[in-house]
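So the structure is just underneath, and the comments pick up after that.
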Amino acid sequence: MSHKLPKIDTLYERDFLAWCEDTAAKLKDKDIENLDWENLIEEIETLGRSERRELNSRLTVLLTHILKRMYVNSPENFQGWELTIREQRRKIQELLTDSPSLKPYLEEILAKAYTNALDDVKFEYQETEFPSFLAFNTNTNSLLFEIYWK
1 MSHKLPKIDT
11 LYERDFLAWC
21 EDTAAKLKDK
31 DIENLDWENL
41 IEEIETLGRS
51 ERRELNSRLT
61 VLLTHILKRM
71 YVNSPENFQG
81 WELTIREQRR
91 KIQELLTDSP
101 SLKPYLEEIL
111 AKAYTNALDD
121 VKFEYQETEF
131 PSFLAFNTNT
141 NSLLFEIYWK
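Be aware that the sequence shown starts at 1, since it is given in this note's numbering, and climbs by one per residue.
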């Protein structure tokens with residue numbers, strides 16, 4: 001006869017919002033003895049990963065649309081691509097303002113984001129020739145502000 005251990009039922013598992021509110025209240029009260037340290041640490045680590053994933057995603061979208069705007073001859077799409085470029089630049093700037101420590105990460109992931117963007121545009125526009133290397137100034141300020149087409 002096997003005995004099953006009872007499942008531990010925690011506030012974190014039952015109601016995440018209530019757990020967040022409870023944790024915030026305990027932090028404000030400096031009630032460190034009663035904090036759910038394991039889940040608190042996991043959530044904080046997850047927040048950092050989430051910020052990096054968002055930056056990577058927005059950078060890939062930005063580069064995809066810059067490539068489309070620079071190399072795809074489709075004037076009827078230019079305005080939509082330029083609006084997407086503006087939006088992604090704005091959101092990346094906000095991320096970097098809120099978390100300046102992401103800036104070195106942006107530089108670290110740039111080549112991989114470009115490869116992903118290139119893969120996407122080559123698939124979508126198979127008849128268009130795209131450069132296999134970063135064909136424009138990629139320092140952070142240029143990437144976030146410069147217009148690469150005329």
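Beta carbons: idealized from backbone N, C-alpha and C, even for Gly.
What's the C-alpha gap between Leu-155 and Leu-144? This structure gives no information on residue 155, because the portion of the chain shown stretches from 1 to 150.
Residue range of the alpha helix (DSSP H) that includes Ile-41: 37-71
C-alpha distance - Ile-41 paired with Lys-103, whole-angstrom precision: 24 Å
Alpha-carbon to alpha-carbon, Asp-29 and Tyr-114: 46 Å
Use the C-beta contact count for Lys-68: other C-beta atoms within 10 angstroms, 16 or more gives buried, fewer gives exposed. buried
With distances taken between CB atoms, is the gap from Glu-51 to Ser-99 smaller than 7 Å? yes
Tell whether a beta-carbon distance below 7 Å holds between Tyr-233 and Val-61. No statement about residue 233 is possible, as the shown extent of the chain runs from 1 to 150 and does not include it.
Using the Cα positions of Leu-83 and Ile-32, report the straight-line distance between them to the nearest angstrom. 47 Å
Helix, strand or coil for Asp-119, going by three-state DSSP, please let me know. helix
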